Structures are given as C-alpha cells and as structure tokens.
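Okay, so here's the structure we're looking at.
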Amino acid sequence: MGQSRPIIKIGISSKTLFRCAHPHDFDSTNKTHLDFITSAANLKAVIYGLQPHRDLDLVKNFVDSVEVPTFVPQSGVRIAVTVAEAQAANQGQTDTETVEDLKKSLPPVMSLGGLKVFPQEFEKDDNSNFHMDFIVSASNLLVENYGIAPAYRRKVKLS
34 MGQSRPIIKI GISSKTLFRC AHPHDFDSTN KTHLDFITSA ANLKAVIYGL
84 QPHRDLDLVK NFVDSVEVPT FVPQSGVRIA VTVAEAQAAN QGQTDTETVE
134 DLKKSLPPVM SLGGLKVFPQ EFEKDDNSNF HMDFIVSASN LLVENYGIAP
184 AYRRKVKLS
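In our numbering, the protein residues as written are 34 to 192.
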C-alpha cells in the first residue's frame with residue numbers, strides 16, 4: 034500500500050473530510066493488480082464460453098509482454114461537476130436516449146457469425162466463478178488510490 038494521503042476539506046462550507054485520490058501505474062508484481070486483470074479476463078472468458086485460467090504466473094507473463102502506451106490527457110476536456118453541467122454536456126439528452134443511440138450503433142445480430150454468449154448470474158458463494166475475485170480486487174484497487182487499508186474477501190462478501 035502507498036504512503037498515507039492527506040485528508041482535505043472539500044468546498045468552503047464542507048464539514049466532510051476527504052482523501053485525495055492518486056493514480057497508480059499498473060505493476061505486474063502487485064498482487065491486487067494481477068488479481069484484477071485475472072478476474073476481469075476470466076469473467077469475460079466465461080461469458081464467451083472460453084476456459085478460465087487461474088495461473089497468475091501465466092497472466093503475469095502475458096501482461097508483461099503487452100506494450101501499454103503512456104497516457105496523455107486530452108487538453109480542453111471538461112468534466113461535469115453538477116447535474117446542470119452534465120445535462121448541458123449531453124445537449125439535454127437523457128440516459129434513455131443515450132442507451133437507444135448506443136443500441137442503434139450495434140451491428141445486427143446476424144452479422145456476428147453465430148457468436149454465442151453465456152450470461153452469468155452473480156453468485157457470491159461460488160469461489161470458482163470469479164465474481165467475488167473481481168469485486169474484491171476492484172475494491173482494493175480503489176482503496177489503493179486513496180491510501181486506505183485493503184478490504185478482505187470475507188468482509189467484502191458480508192457487505
């Protein structure tokens with residue numbers, strides 16, 4: 034876990050204290066990072082009917098061979114902070130309209146060449162399905178960004 038981050042006050046009249054998030058570069062020697070990649074990839078594999086793999090050494094060797102370009106933020110990008118700003122950025126388009134636009138942009142099912150998908154139902158008590166692996170690793174990536182203690186599987190499962 035990284036060094037402790039300062040707790041800051043957000044806003045002029047805010048009485049709630051927040052930690053500033055800080056980014057992390059992917060590190061294949063960090064078990065949390067590997068667990069996230071492994072669980073996310075396996076969730077997707079199972080959906081497409083592929084055999085999952087739990088071998089972290091195999092995953093590490095693969096991810097070490099991947100060239101990830103350096104992130105360069107785009108200039109002039111504005112992130113909405115209020116609902117009004119978000120609506121203005123979406124030109125008044127609702128979530129339903131956005132979803133409908135996305136549906137229209139999808140290719141016809143017949144053009145997918147018999148692609149089969151196998152929907153999964155969330156089951157927290159089955160340790161072979163990667164569901165809790167993904168939730169715990171995603172949760173622990175988040176806490177790393179805030180410099181707070183990691184969540185343990187049992188605690189996450191009971192939450």
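Where a beta carbon is used, it is the ideal one built from N, C-alpha and C, also for glycine. This structure is a prediction, so every number in the text was calculated from the model and none was measured.
Nonlocal neighbours in the same chain, by C-beta distance under 6 Å from residue i, ignoring five residues either side
i      : result
Asn75  : Pro85, Phe163
Leu175 : none
Ile45  : Any reading at Ile45 needs caution, since the residue's pLDDT is 49, under 50, leaving its predicted position unreliable; the model's value is listed next. Hits under 6 Å: none found.
Counted within 10 angstroms of its Cβ, other Cβ atoms place residue i as buried (16 or more) or exposed
i      : result
Ser72  : buried
Phe69  : buried
Met34  : Here Met34 scores only 47 on pLDDT, less than 50, and its place in the model should not be relied on; the value that follows carries that caveat. Exposed.
Asp90  : exposed
Ser98  : exposed
Val169 : buried
Asp128 : exposed
Val166 : According to the sequence shown, residue 166 is Asp rather than Val. With 16 or more Cβ atoms within 10 Å of its Cβ, Asp166 is classed as buried.
Neighbourhood of residue i by C-beta distance below 8 Å, restricted to the same chain and skipping five residues each side
i      : result
Glu156 : Asn162, His164
Pro56  : Asn178
Val96  : Phe59, Ser61, Leu67, Ile70
Pro10  : The structure shown does not extend to residue 10, since the chain is modelled only from 34 to 192, so the question has no answer here.
Thr131 : Asn123
Val79  : Pro85, Phe151, Gln153, Asn162, Phe163
Gly147 : none
heavy atom of the ligand GDP below 7 Å from residue i C-beta
i     : result
Leu67 : Judged by which ligands are present, the structure shown has none, so any question about the ligand GDP falls away.
Neighbourhood of residue i by C-beta distance below 7 Å, restricted to the same chain and skipping five residues each side
i      : result
Asn173 : Thr65, Pro183, Ala184
Tyr81  : Val150
Lys93  : Ser61, Leu67
Curious, which full-length alpha helix (DSSP H) runs of at least 4 residues does the stretch 71 to 115 contain? 89 to 97
On the three-pair Cβ rule with 8 Å, is the stretch 112 to 124 touching the stretch 180 to 187? Touching, no.
Below 8 Å, can you find three or more Cβ-Cβ pairs linking the stretch 53 to 70 to the stretch 140 to 154? Result no; under three Cβ-Cβ pairs closer than 8 Å.
Of all the alpha helix (DSSP H) runs that stay within the bounds of the stretch 103 to 179, which reach a length of 4 or more residues? 116 to 122, 128 to 138, 164 to 179
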